[in-house]
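Residue numbers (the numbering used here): 21 to 347.
Don't be surprised by glycine CBs; every beta carbon is placed ideally from N, CA and C.
Computed from a prediction, not measured in an experiment: that's the story for all the values here.
To start, the structure itself, in structure tokens.
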Amino acid sequence: MIKRHLRVLAGLLVLILVALNLGACQKPLQGRPTALPTTLPTASITPTPSQTPTQLPTVTMTPTATATATSTLVPTATNTATPTPIPTRLATLFPLTAGGQQTVDYGYHYLTRRDNREDGSLRNLSAMVSFQLMDRGIHSETVRILGKDVTVYYLRVRHVFDQTNLEVKLVLTGLYGQNVAIAGMPADGSSYISLRTQKSDQPFEPWKLHQDWSLPLDQRAPLFETIRLPDFETTLRNLPDQVIVLADHPIILDPDGWTQIYIDMDRVSASAARFSPFFSFNEFDQMTGQSTQANVWMDYLINNTDIPNNQYTRMYFAADFLVIITP
21 MIKRHLRVLA GLLVLILVAL NLGACQKPLQ GRPTALPTTL PTASITPTPS
71 QTPTQLPTVT MTPTATATAT STLVPTATNT ATPTPIPTRL ATLFPLTAGG
121 QQTVDYGYHY LTRRDNREDG SLRNLSAMVS FQLMDRGIHS ETVRILGKDV
171 TVYYLRVRHV FDQTNLEVKL VLTGLYGQNV AIAGMPADGS SYISLRTQKS
221 DQPFEPWKLH QDWSLPLDQR APLFETIRLP DFETTLRNLP DQVIVLADHP
271 IILDPDGWTQ IYIDMDRVSA SAARFSPFFS FNEFDQMTGQ STQANVWMDY
321 LINNTDIPNN QYTRMYFAAD FLVIITP
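Okay, structure coming up:
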């Protein structure tokens, strides 16, 4: 019996050892755990994130819009220069005298007002000055006057200062705003100018013309033509080659009246345009006195002083009213 049990135990031990050997011979499952991470990197390296930056170059196409904008701005800039291409057409002289005595040419001038103080200093000075038209158009420029943009309208003319023939900007009027076109200007009072036209066989008496202008408005109105700038432009084009233009305007003004002049310049664009060449202002738009231009004209008209070289290209005059004389 004992031998029989020993055989059974020995057999069981043999079976247990065989089972253990079989379990040790199986390989571990390492491939599946590693297979899961390999699929995860492929998911994280999807090309979609890298493709989103590639769409950024499409944004760089926006400069093409700015390029087209700059090209359209070029013609508008050139359009602002349209008043300049007015063909030169110099006026020519013809026989004319003032009061039947003094010859009137492009160097003629007449003092229509001169008042002195008791000490002999000058209080007021006005003059009528003759000019040679350089063309048959009205020119304009935008000037900053008392903090406002004013489109100043002027004629290109010349005057013979003794022996020196210089170009002068003869200011007619002005309108508030930048580069206001004559064709589109409003029917404002500042769009009108006063004019006297006559033939050379009529007496030319500048003192009488100045007296007429000094009359009260209701008496003066029938003696002068009031014309809008667009209509005056047509008048200019129809003038003959032989023509003399004269303008009357104050140059030196009594300081007691400067306050009223300042108020007029601040409220009326025509006054701002015509008086600004004859007054100086500081950076606070305060009137500081009469300008270099006013003193240059005063010295020339009273003392026949030569125009300084540094003023050759800076000469301005203005017109309270114009006189146009033709043969």
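Asked	Found
Assuming N330 is part of the alpha helix (DSSP H), what are its boundary residues?	Note, N330: premise wrong, no alpha helix (DSSP H); not H, not E.
Is it true that the region 197-210 meets the region 306-324, where meeting means three or more beta-carbon pairs spaced less than 8 angstroms apart?	no
Give the single residue among L113, G119, L131, D261 whose Cα lies nearest to the Cα of D125.	L113
Across the region 279-287 and the region 150-162, are there enough close Cβ pairs to call them in contact, namely three or more that are closer than 8 angstroms?	no
Please say whether F304 and P244 have beta carbons closer to each other than 8 angstroms?	Before going on, a small fix: residue 244 reads as Phe here, not Pro. No; because the gap between Cβ atoms is not below 8 angstroms, this pair is not in contact.
From N330 to Q239, what distance separates their C-alpha atoms?	43 angstroms
Once you ignore the five residues that flank G143 on each side, which residues in its own chain have a CB closer than 7 angstroms to its CB?	Going by the sequence as given, residue 143 is Arg instead of Gly. Once the five neighbours on either side are set aside, the close Cβ partners of R143 are D135, N136, R137, D274.
Pull up the distance between the alpha-carbon of Q310 and that of T279, whole angstroms please.	13 angstroms
Do you know how far the Cα of S146 is from the Cα of E225?	15 angstroms
Hey, quick one: how far does the alpha helix (DSSP H) through N315 stretch, first residue to last?	312-323
Give me the DSSP bridge partner(s) of P270.	S146
Mind checking whether T346 and V263 have CB atoms under 8 angstroms apart?	yes
Using only alpha-carbon positions, find the residue among T308, D261, K219, Q306 that is nearest to T117.	K219
Find the nearest neighbour of T333 within the set D251, E187, A292, judged by alpha-carbon distance.	E187
What whole-angstrom Cβ distance do V191 and Y336 have, given they're in contact under 8 angstroms?	6 angstroms
Quick check on G157: buried or exposed, where buried means 16 or more other Cβ atoms within 10 Å of its Cβ?	buried
How should Q313 be labelled, buried or exposed, when 16 other C-beta atoms within 10 angstroms of its C-beta is the threshold for buried?	buried
Distance check for R164 and I327, CA to CA, integer angstroms please.	26 angstroms
Quick check on the burial criterion: 16 or more other C-beta atoms within 10 angstroms. Buried or exposed for G209?	exposed
In whole angstroms, give me the CA-to-CA distance for V180 and Y212.	28 angstroms
Can you look up Q349 in the DSSP assignment and give me helix, strand or coil?	Residue 349 lies beyond the stretch modelled for the chain, which goes from 21 to 347, so this question has no answer here.
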